[in-house]
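Chemist: Okay, so the sequence shown: first residue is 962 according to my numbering, each after it adds one. We put the CB at the ideal spot given by N, CA and C, even for glycine. From a predicted model like this one, the values you see are computed outputs, not experimental measurements.
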Amino acid sequence: MSVTISNFGGSGSGIRSGGTTVENEPIIKSDGASSNVMQWLSNNEASNITISEDGSDNLDLVVSSGNAGLGVTPNVGSSHANMTVLSVKGKAAAYGGIVELVNYGSSGNGQTLGAISVFDNTSKNAEIEIARESAADDAEIIFKTKPTGGTLSRRVTISSDGKMGVGVVPTSNLHILGANASANTQLHIHNNQTSNAAILKLEGGRTGDSDSGQLLFTNSGNNIAAVKAFRWGGNDVGEMRFCTAPNSGTGLVDRLTISSTGAVTIPATGSFTIGSLDIGHGAGGATSN
């Protein structure tokens, strides 16, 4: 069945209905241009409502069983049973569907520019929020979740300059904050294959002799120890240095160095203890080859 409402300028308007579906004839027309027409079709084959901008069979908007498609019939498969689906399809090969969330204009930092919220009935359990960060032309992405009996809270933040924070607004490239007083903060890298290992890779780009990677240990903002890998003599030559801080504010001091040849050096002010054997030395330092 096709229901047609026509407005043809000075020719008047009317409603036309017939036993034959008029699939390529505009049913609403404001002028003679084909771009200003709309077609509303309902037929026995698809039981859909289709709106076509140009009066053709192009699927500009399809509503089917409570689902909607832009440029395509809604993709409702067995995995989407009893769900409400919005499908968006590009108009040509190699062009995808895009959903835009447009803010009317923010006036202050922290304001929501757009969000995708997920509810369980009336309870908001998760959300992806895009918020103004520090200016009208920047934004941060905030991922939120809600624990059992708790409130919706910020979990992961991607700042406008690409930094990522887990449990915190990031101040470094990857910033992880553990706020659980009863548990340690862990970074878990797991490989469950019997023929492969879990690897933490630190890669530098030095062209001169300097540190190319560090494991830095801090306490309440103070650097207390470090393990440093140095490029030393060539891009494929390295040495390891172990450092500690003697007291607050003095900085890290090299305590032990392993050269590229395997030689172990302890600075002149240090000592080396094996069990109950304490090996001290004078101003010349100690070296083991």
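1) Of the choices L1163, T1168, G1182, whose alpha-carbon is the least far from that of L1176?
2) Quick one: using the 10 Å Cβ neighbour count with 16 as the cut-off for buried, is S1315 buried or exposed?
3) Buried or exposed for I1059, please, with buried defined as at least 16 other CB atoms from any protein chain shown within 10 angstroms of its CB.
4) In the DSSP assignment, the beta strand (DSSP E) including N1134 goes from what residue to what residue?
5) Taking the straight line between their C-alpha atoms, what separation do you get for I1219 and R1202?
6) Between G1212 and the rest of its own chain, which residues show a CB-CB distance below 7 Å, the 5 nearest in sequence each way excluded?
7) Under 7 Å between the Cβ atoms of A1029 and L1047?
8) How far does the beta strand (DSSP E) with T1226 in it extend, from its first residue to its last?
9) Run through DSSP, which three-state label would S1078 get?
10) The beta strand (DSSP E) spanning R1192 covers which residue range?
11) Once DSSP output is grouped into helix, strand and coil, what is the label at S1121?
12) Taking R1116 as the reference, give the member of G1123, K1124, G1128 with the closest Cα.
13) Is N1086 near K1105, with beta carbons less than 7 Å apart?
14) Nearest to N1184 by alpha carbon, out of N1208, A1092, S1114?
15) Between E1090 and the rest of its own chain, which residues show a CB-CB distance below 7 Å, the 5 nearest in sequence each way excluded?
16) Say whether chain B places a C-beta atom closer than 7 Å to the C-beta of N1208.
17) Cutting at 6 Å between CB atoms, please list the residues of its own chain near K1124, excluding the five before and the five after it.
18) Who are the Cβ neighbours of K1052 in its own chain at under 7 Å, not counting the five residues just before and after it?
19) Kindly indicate which three-state DSSP category G1048 falls into: helix, strand or coil?
20) Am I right that G1027 and T1045 are in contact with their C-beta atoms under 8 Å? What's the rounded C-beta distance?
Modeler: Per the coordinate set shown:
1) Looking at L1163, T1168, G1182, the one whose alpha-carbon comes closest to that of L1176 is L1163.
2) Residue 1315 falls outside the range modelled here, since the chain spans only 962 to 1250, and no answer is possible.
3) Burial call: exposed.
4) It is not in any beta strand (DSSP E) - N1134 carries neither H nor E in the DSSP assignment.
5) Cα-Cα distance, rounded: 6 Å.
6) Around G1212: A1206.
7) For A1029 and L1047, yes; Cβs fall inside 7 Å.
8) Residues 1225 to 1227.
9) If DSSP states are grouped into helix, strand and coil, S1078 belongs with the strands.
10) Residues 1183 to 1192.
11) It is coil, neither helix nor strand.
12) Checked all of G1123, K1124, G1128; the closest Cα to R1116 is G1128.
13) For N1086 and K1105, no; Cβs fall outside 7 Å.
14) Considering only alpha carbons, the answer is N1208.
15) Around E1090, the same chain offers T1073, A1076, I1103, K1105 as residues with beta carbons nearer than 7 Å, after the five sequence neighbours per side are excluded.
16) The chain inventory of the structure shown lacks chain B, comprising one protein chain alone.
17) Hits under 6 Å: P1131, N1134.
18) If we look at K1052 and ignore the five residues flanking it on each side, its Cβ neighbours are G1032.
19) Per the sequence shown, residue 1048 should be read as Ser rather than Gly. Note: S1048 maps to strand in three-state DSSP.
20) Sure, about 6 Å apart at Cβ, within 8 Å.
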